[in-house]
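Below: one structure, written as structure tokens.
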Amino acid sequence: MRDPARRGLESGGRGGLEPRWRSRVIPFFFDPPDEELFGIHHPPAAGGARGWGVVLCGPWGYEALVLHRVLFQLATRLAASGFHVLRFDYFGTGDSAGSVEVGELRRWTRDVSRAADELQARAGVRKICLVGARLGAALAARAGAARGDLDGLVLWDPVLRGKDHIEALHTEHRRMLRTAHVVPEDAGAKSGQTELVGFAFPDRLRQELDRLDLFEIPRLPAREVLLVTSASSRSDAPFRERLEALGARVAHRTFPESGVWRWQEDLGRARVPPQLIEGIVHWIEESAP
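Residue numbers (the numbering used here): 9 to 297.
Have a look at this one:
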């Protein structure tokens with residue numbers, strides 16, 4: 009399978025990375041056939057591999073579409089720096105087994121841990137760093153707290169409280185409908201689920217998300233944490249203090265360009281934030297000498 013985002017690199021399109029950053033990708037499935045997850049392994053560039061592996065945990069729904077190319081290029085850049093990198097689809101999403109009706113946060117949190125184990129077994133890396141964006145950041149933090157063995161964790165505009173995320177999704181949905189040529193009927197009452205920004209939003213997922221609160225994370229998710237935000241928020245300082253109280257050493261970086269995950273009608277115009285990518289890569293390089 010050929011990653012469609014790669015076309016931008018090869019053609020020198022909008023936001024394309026420099027040729028020396030190109031890397032080969034290895035698509036594969038892992039875990040039992042009825043629960044298999046689709047993954048893409050980015051081996052490190054020639055010249056030696058570092059002892060750390062990096063697992064990218066993408067967001068959910070339309071944000072996953074908007075950030076697909078960004079995460080591909082982040083993976084490519086990390087591989088060029090000598091890291092084994094794994095991107096993957098959660099159960100019930102993308103090319104992984106299952107359907108959206110069975111998607112749930114608990115299962116996706118386990119998927120993150122399964123992906124980390126797979127990269128360690130596949131690449132032989134000793135240490136793992138998780139990089140999560142939006143809901144993927146919340147899943148990465150939860151997985152890190154459950155495992156207790158992560159060495160690095162990058163949280164990019166993490167969803168701190170699920171209630172706030174649901175409200176934001178509804179806001180984006182209304183904004184999308186204002187530009188739509190055809191306004192669809194709301195079939196939620198018939199199907200038992202609603203739709204948000206083009207993606208089914210089952211009741212089970214909504215209920216779990218409604219209860220999500222990263223401030224209640226039970227224990228240290230990783231020893232080293234990078235918090236990346238697109239703008240200062242009243243929640244940033246309290247969340248950082250919570251992580252530090254658990255024993256994490258936290259670095260906080262603000263990149264105005266990091267809000268590229270927000271909905272836009274033309275995905276072909278999705279921006280790739282080079283400063284943010286370099287900021288994340290630099291922090292991981294410094295954390296994994």
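Ideal Cβ placement from N, Cα and C applies to all residues, glycine included.
Predicted model only: the values in this text are computed from it and were never measured.
Residue i and residue j closer than 8 Å at C-beta
| i | j | result |
| --- | --- | --- |
| Val110 | Leu147 | no |
| Phe96 | Gly59 | no |
| Leu251 | Leu113 | no |
| Phe38 | Glu126 | yes |
| Gly90 | Ala53 | yes |
| Gly61 | Ala131 | yes |
| Leu234 | Ala259 | yes |
For residue i, three-class secondary structure by DSSP
| i | result |
| --- | --- |
| Arg58 | coil |
| Phe247 | helix |
| Phe207 | strand |
| Phe223 | helix |
| Leu228 | coil |
| Pro282 | helix |
| Gly40 | Strictly speaking, residue 40 in this sequence is Pro, with Gly absent from that position. It is coil, neither helix nor strand. |
| Gly21 | In this predicted model, Gly21 has a pLDDT of only 36, less than 50, meaning its place in the structure is not dependable enough to derive any value. |
| Val167 | coil |
| Gly106 | coil |
| Val289 | helix |
| Leu213 | helix |
| Leu254 | coil |
| Thr202 | strand |
Assumed close pair residue i, residue j - CB separation to whole angstroms, cut-off 8 Å
| i | j | result |
| --- | --- | --- |
| His50 | Val33 | 6 Å |
| Ala256 | Leu228 | 6 Å |
| Ala105 | Glu175 | That belief does not hold up - the Cβ atoms of Ala105 and Glu175 are roughly 31 Å apart, past 8 Å. |
| Ala151 | Thr117 | 5 Å |
| Asp159 | Glu232 | 7 Å |
| Leu143 | Val167 | 5 Å |
Limits of the alpha helix (DSSP H) - the one that residue i falls within
| i | result |
| --- | --- |
| Thr117 | 113-131 |
| Val74 | 70-88 |
Span of the beta strand (DSSP E) around residue i
| i | result |
| --- | --- |
| Phe46 | 45-50 |
| Ala141 | 135-141 |
| Ala259 | 257-262 |
| Val307 | Past the boundaries of the shown model lies residue 307; the chain is included only from 9 to 297, so the question cannot be answered. |
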